[in-house]
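The next block holds one structure in the form of structure tokens; read it before the comments.
Chains as they are written, first to last, in UniProt numbering: chain A, 1 to 336; chain B, 1 to 336.
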């Protein structure tokens with residue numbers, strides 16, 4: 001790396017004090033410095049390719065106008081879409097977003113938190129992976145403002161913006177039952193992540209409150225890493241039961257994509273033989289003959305709200321805001 | 001923000017010198033410090049929640065083990081997929097990646113470059129947006145190692161890993177012509193980005209070398225921001241010519257998705273009435289009745305190579321590596 005140009009280098013070249021250079025480049029004491037001198041200093045700074053040491057400056061004004069965002073898996077459409085929304089919102093408010101992806105790995109998550117903390121971001125927006133409660137708890141003790149989004153840990157009292165996953169799943173399954181389905185199944189991730197467990201809880205409640213005897217084999221859980229084969233197997237098993245499932249709630253859009261592509265190879269008809277609902281949008285299923293009914297999270301509102309709560313907290317980190325948003329069931333052709 | 005715990009705080013608590021604390025926490029002079037003292041210092045550091053100031057440390061060892069990645073649009077599958085590949089590769093080599101998205105905006109790009117530079121990354125991986133040549137040129141003068149990927153500026157002599165877009169497009173169009181297509185069209189972005197211009201140049205060369213009189217109205221260019229309506233209009237115009245186009249090369253997977261979804265609403269048959277090739281994979285078209293032939297970029301190799309070239313350069317930034325990789329044409333049902 002080339003040697004960084006310092007205030008002192010500029011001062012020497014112009015023949016003034018380092019303090020004076022600092023005043024000019026930080027726009028201070030403007031009335032008290034001669035215009036020609038200020039201009040000469042600015043020109044020299046430009047000429048020497050001087051780059052403001054934002055970090056040194058931030059130690060004084062205590063703000064870097066940068067926020068860190070840690071998503072669960074940047075390759076997933078939910079994460080990358082949300083990243084874009086948060087970035088657009090932060091940009092409007094003159095904040096720059098730098099992000100990292102934990103790839104659903106708690107260790108990588110910890111490394112990213114450290115990376116951002118040592119780079120003096122003003123705050124963090126985080127979708128924590130499984131088994132990261134302790135790290136979120138420690139982060140809370142550090143005092144840096146942060147907001148969890150999509151996922152939160154009920155055991156740690158922090159800012160978060162999440163979906164009411166229980167109600168969203170409940171409404172979706174209830175809708176299929178009201179449409180005549182007798183044996184609704186769910187295919188979801190095998191995880192302790194609270195927001196995913198809430199989806200299963202909503203599914204189970206809908207069965208119970210509709211007087212349907214729940215069958216253990218209607219709940220299929222697949223590993224969150226490389227789930228394609230497990231999803232196909234799960235669908236196959238659900239359709240091979242003595243009394244086959246007649247409705248499936250897919251617990252995420254990624255699961256739905258693999259599931260529906262597999263169903264497309266089978267000689268059954270959606271929704272006559274099988275009703276389908278996907279949690280989250282599934283643009284990549286738009287060419288399926290029966291457009292898929294889905295649970296729509298208010299992603300824009302969630303991303304914007306998360307960003308605004310964080311920026312509100314920066315500088316006056318004195319309250320905890322927790323928001324559970326309601327989903328909308330977008331009814332299309334895959335349900336009766 | 002809470003006050004950061006310093007080496008001095010730890011030294012005072014333990015009752016030793018700040019230098020000794022520094023030696024222990026930086027694993028120096030190990031043989032010369034009493035084990036009990038070292039242990040006490042480590043415990044106190046943990047107790048006080050001391051966080052290594054990586055930045056201060058990096059000023060000495062001149063490495064932060066962090067690289068910055070600036071993609072073109074994090075919401076696009078190419079960018080987010082590539083981000084994941086680069087991150088996995090960097091992780092293997094103990095580097096953490098933090099990224100930003102320029103959203104195809106040169107000003108935002110400049111802001112991100114500044115953000116990363118002032119945060120002392122060891123190097124940058126960059127897909128520059130349109131009109132960012134000057135910023136890439138300035139970056140070159142700064143001396144920080146960086147590698148361009150996907151896109152490069154022929155006017156600036158830098159490391160890059162890109163596709164041979166000319167040959168890729170040439171081969172694809174030649175394949176359609178050899179299959180009997182007489183009037184091949186291209187729908188691509190209206191941009192000065194070199195890699196996109198190369199695709200058009202490859203298209204034109206295939207026509208010329210096959211003895212087909214090129215028709216200006218076969219080349220359709222759409223804005224890179226929100227192109228959906230423009231893509232539908234372009235396809236409509238191509239199919240409404242006195243002699244309609246009988247083959248279309250879509251210049252990116254995003255363009256192909258909108259184009260094919262529109263074509264799916266028309267009463268024509270692919271590939272009999274119209275052959276289709278997409279530049280880049282289009283998983284979200286898997287449910288289209290004719291699976292789409294596509295130009296496959298070696299994304300994994302490109303991401304891995306880009307990362308390795310950057311890490312090679314860090315610390316010994318003394319050579320320029322430029323790689324043009326070859327694409328593969330994956331032939332499926334949408335071409336004859």
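Glycine residues also receive a C-beta, built at the ideal position from the N, C-alpha and C atoms.
Check: Option nearest residue 253 of chain B by Cα separation, candidates B/219, B/286, B/242; Outcome: B/286
Check: Boundaries of the beta strand (DSSP E) in which residue 149 of chain B is found, first to last residue; Outcome: 146 to 149
Check: In DSSP terms, what residue 100 of chain A is bridged to; Outcome: A/70
Check: Chain B within 9 angstroms of residue 31 of chain A, Cβ atoms only; Outcome: no
Check: For residue 98 of chain A and residue 125 of chain A, the rounded distance between their alpha carbons; Outcome: 10 angstroms
Check: For residue 273 of chain A, the nearest candidate out of A/297, A/102, A/105, A/179 (CA to CA); Outcome: A/179
Check: Within chain B, partners of residue 264 of chain A - CB distance below 9 angstroms; Outcome: 286, 287
Check: Alpha carbon of residue 58 of chain A to alpha carbon of residue 6 of chain B, nearest angstrom; Outcome: For residue 58 of chain A, the predicted model reports a pLDDT of 45, less than 50, meaning its position is unreliable; a value from the coordinates is still stated below. Cα to Cα, residue 58 of chain A sits roughly 17 angstroms from residue 6 of chain B.
Check: Short Cβ contact (9 angstroms threshold) for residue 275 of chain A with residue 188 of chain A; Outcome: no
Check: 9 angstroms Cβ cutoff met for residue 66 of chain A and residue 121 of chain A; Outcome: yes
Check: Residues from the region 70 to 87 of chain A in contact with chain B, defined by Cβ distance under 7 angstroms; Outcome: 74, 75, 80, 81, 83, 84, 87
Check: Chain B contacts made by the region 95 to 119 of chain A, where a contact means CB separation under 8 angstroms; Outcome: 96, 97, 98, 99, 100, 101, 103, 108, 111, 112, 114, 115, 116, 117, 118, 119
Check: 9 angstroms Cβ cutoff met for residue 161 of chain B and residue 305 of chain B; Outcome: yes
Check: CA-to-CA distance, residue 303 of chain B to residue 270 of chain B, given in whole angstroms; Outcome: 33 angstroms
Check: Nearest candidate by alpha-carbon position, reference residue 295 of chain A, set A/239, A/223, A/204, A/172; Outcome: A/172
Check: Interface flag, residue 66 of chain B vs chain A, CB-CB below 9 angstroms; Outcome: yes
Check: Identified DSSP bridge partners for residue 187 of chain B; Outcome: B/220, B/250
Check: Any chain B beta carbon closer than 9 angstroms to residue 141 of chain A; Outcome: yes
Check: Residue 209 of chain A burial status per 10 Å Cβ neighbour count (16 or more: buried); Outcome: exposed
Check: DSSP-derived helix/strand/coil call for residue 2 of chain A; Outcome: For residue 2 of chain A, the predicted structure reports a pLDDT of 43, less than 50, and the residue's modelled location is therefore unreliable. A value from the coordinates is still provided. Correct three-state label for residue 2 of chain A: coil.
Check: Chain B within 9 angstroms of residue 213 of chain A, Cβ atoms only; Outcome: no
Check: Whole-angstrom C-beta distance between residue 293 of chain B and residue 255 of chain B, which should lie under 8 angstroms; Outcome: So it is not a contact: roughly 15 angstroms between Cβ atoms.
Check: Per-residue burial, residue 60 of chain B [other beta carbons within 10 Å of its own, 16 or more giving buried]; Outcome: With a pLDDT of 48 at residue 60 of chain B, under the threshold of 50, the predicted position of this residue should be treated as unreliable, and no value is reported.
Check: Cβ-Cβ distance between residue 106 of chain B and residue 71 of chain B below 9 angstroms; Outcome: no
Check: 8 angstroms contact criterion, which residue 93 of chain B and residue 311 of chain B should meet: CB distance rounded; Outcome: 6 angstroms
Check: CA-to-CA distance, residue 11 of chain A to residue 299 of chain B, given in whole angstroms; Outcome: 48 angstroms
Check: Cutoff 9 angstroms: residue 332 of chain B Cβ touching any chain A Cβ; Outcome: no
Check: For residue 23 of chain A and residue 75 of chain A, the rounded distance between their alpha carbons; Outcome: 45 angstroms
Check: Check whether residue 109 of chain B and residue 83 of chain B have beta carbons under 9 angstroms apart; Outcome: no
Check: Cβ distance (whole Å) where residue 358 of chain B is taken to contact residue 142 of chain A below 8 angstroms; Outcome: Look at the range of chain B in this structure, 1 to 336, and you will see that residue 358 of chain B is not part of it.
Check: Interface residues of chain A facing residue 178 of chain B [CB-CB closer than 7 angstroms]; Outcome: In chain order: nothing, as chain A lies at least about 28 angstroms away.
Check: Residues of its chain near residue 153 of chain A, where Cβ-Cβ distance is below 6 angstroms and the 5 sequence neighbours each way are ignored; Outcome: 133, 136
Check: Burial state of residue 234 of chain B (16 or more Cβ within 10 Å); Outcome: buried
Check: Cβ neighbour criterion (16 or more within 10 Å) applied to residue 320 of chain B; Outcome: exposed
Check: Chain-ordered neighbours of residue 27 of chain A on chain B, where CB pairs are closer than 9 angstroms; Outcome: Chain B residues near residue 27 of chain A: none, gap ~17 angstroms exceeds 9 angstroms.
Check: Pair within 9 angstroms by beta-carbon distance, residue 199 of chain B and residue 249 of chain B; Outcome: yes
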